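Engineer: Pasting in a structure now, in structure tokens, and then I'll have a few things to ask.
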Amino acid sequence: MATLPTRMIIIDRATAVIPVTSDDTAAGAVVLTGNGTVTALCALFESVWAAARPLGQTPIRDPRGLLPQEQTTLTLLADGHTDDAIAKRLGVSPRTARRIATDLIERLNARSRFEAGVKAVQQGWLPAK
Numbered sequence: 014m015a016t017l018p019t020r021m022i023i024i025d026r027a028t029a030v031i032p033v034t035s036d037d038t039a040a041g042a043v044v045l046t047g048n049g050t051v052t053a054l055c056a057l058f059e060s061v062w063a064a065a066r067p068l069g070q071t072p073i074r075d076p077r078g079l080l081p082q083e084q085t086t087l088t089l090l091a092d093g094h095t096d097d098a099i100a101k102r103l104g105v106s107p108r109t110a111r112r113i114a115t116d117l118i119e120r121l122n123a124r125s126r127f128e129a130g131v132k133a134v135q136q137g138w139l140p141a142k
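Each residue of the sequence shown is one higher than the one before, counting from 14 in the working numbering.
Take a look at the structure:
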């Protein structure tokens with residue numbers, strides 16, 4: 014998957030451990046044992062797993078030529094996230110997040126992130142807000 018909704022550990026479908034905040038997973042975690050909550054988190058895992066592709070398999074580009082990770086990066090950039098925040102959401106290093114952003118900026122023939130955002134909307138890579 015290009016991104017995960019949140020990090021979590023599920024034990025025997027009875028206990029779940031999730032971060033207090035998804036932006037800073039080192040800030041602490043919550044242990045959940047409520048049947049409804051754990052069932053919902055298990056369903057979330059199953060839906061993400063069903064949509065995932067095997068590791069090493071070539072990802073499929075969308076009609077605009079973007080990989081899922083690139084589309085997610087564009088969306089996060091448009092929402093004002095930093096490279097570090099994007100890296101955490103993608104599960105990659107900040108350097109990799111910067112590389113993905115730089116590649117997108119170059120593909121859009123932009124000189125700045127702002128210009129890349131404008132061109133991404135103009136070319137249909139991002140919806141106009």
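From the three backbone atoms N, C-alpha and C, an ideal C-beta is built for every residue, glycine too.
Given the structure is predicted, the values throughout are model-derived calculations rather than measurements.
L54 by DSSP, collapsed to three states: which one?
Structural biologist: Position 41 of the sequence shown holds residue 54. Helix, per DSSP.
Engineer: Among P76, A53, Q82 and V51, which one has its Cα closest to the Cα of R66?
Structural biologist: Taking the sequence shown and counting its residues from 1, one reaches residue 66 at position 53. It is Q82.
Engineer: Please state whether the Cβ-Cβ distance between V51 and V43 is less than 8 Å.
Structural biologist: Stepping through the sequence shown from its first residue, residue 51 is reached at position 38. Stepping through the sequence shown from its first residue, residue 43 is reached at position 30. Going by C-beta atoms, V51 is not nearer than 8 Å to V43.
Engineer: Quick one: give me the first and last residue of the alpha helix (DSSP H) that I118 is part of.
Structural biologist: Your numbering for residue 118 matches position 105 in the sequence shown. Start and end: P107 to R120.
Engineer: Do three or more CB pairs link the segment 102-112 to the segment 55-64 at distances below 8 Å?
Structural biologist: no
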